[in-house]
Amino acid sequence: MNLFPKQIKLSEDKDSLLIYWSDNSTNSISLLKLRKLCPCATCLTEKEKQSPSYIPLFAENQIKIKSINQVGSYAISIVWQDGHNTGIYEFPYLKIIAEKAG
Ligand SMILES: [Zn+2]
6 MNLFPKQIKL SEDKDSLLIY WSDNSTNSIS LLKLRKLCPC ATCLTEKEKQ
56 SPSYIPLFAE NQIKIKSINQ VGSYAISIVW QDGHNTGIYE FPYLKIIAEK
106 AG
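Residue 6 is where the sequence shown starts when you use this note's numbering, and the numbers rise one by one after that.
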């Protein structure tokens, strides 16, 4: 199934991303979770260095979104207020993290 978002927007409290999918399902992903699961090489390398007991702490401007841009027809990129902008979130990845606990 070729699932893609029909609409993506910030929730009213600006704490999460609402995704309206082409199959009419809806997901809400907290911005903290999105940032924690940033798929860019920098963040992945950072995560590999950490022990399993590592608790990620983020400053306020690291979990606030500055802008969301579409990347081709397969992903979005997120620019965070601290300037981090290398995370490309492919649509299937968004669906996976949306349904993942935590
Ligand atoms: Zn990243």
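We put the CB at the ideal spot given by N, CA and C, even for glycine.
Being a predicted model, the structure only gives us computed values, none of them experimental.
* Cα separation between Y59 and V76? -> Residue mapping note: residue 59 aligns to position 54 of the sequence shown, counting from 1. Residue mapping note: residue 76 aligns to position 71 of the sequence shown, counting from 1. Rounded to the nearest angstrom, the two C-alpha atoms are 31 Å apart.
* Let me know the beta strand (DSSP E) ranges lying completely inside the stretch 61 to 99, each 3 residues or longer, listed in chain order. => List check, beta strand (DSSP E) in window: 70 to 76, 80 to 85 and 93 to 95.
* What runs of the alpha helix (DSSP H), each 4 residues or longer, lie entirely inside the stretch 14 to 59? -> Counting only runs of 4 or more, we get 36 to 41 and 46 to 54.
* Looking at S78 and I93, is the spacing between their C-beta atoms short of 7 Å? -> Numbered from 1 along the sequence shown, position 88 holds the residue referred to as residue 93. Numbered from 1 along the sequence shown, position 73 holds the residue referred to as residue 78. The answer is no: Cβ separation not under 7 Å.
* To do: Since I believe D87 is in contact with Q55 (beta carbons under 8 Å), could you give me their beta-carbon distance rounded to a whole number of angstroms?
  => As a first step, residue 55 is located in the sequence shown; it is residue number 50 there, counting from the start. As a first step, residue 87 is located in the sequence shown; it is residue number 82 there, counting from the start. Rounded to whole angstroms, the Cβ separation of Q55 and D87 is 19 Å, and the two are not in contact under 8 Å.
* To do: Please name the residue in D20, K52, D28 and L39 whose C-alpha comes closest to that of Y98.
  => Walking along the sequence shown from the start, residue 98 turns up at place 93. Checking every option, the nearest Cα to that of Y98 belongs to L39.
* 7 Å CB neighbourhood of C43 in its chain, flanking five on each side removed -> Against the sequence shown, residue 43 aligns to sequence position 38. Excluding residues up to 5 positions away in sequence, G92 lie with their Cβ nearer than 7 Å to the Cβ of C43 in the same chain.
* Would you check whether ligand 1 has a heavy atom nearer than 6 Å to the C-beta of G88? => Numbered from 1 along the sequence shown, position 83 holds the residue referred to as residue 88. Not one heavy atom of ligand 1 is found less than 6 Å from the C-beta of G88.
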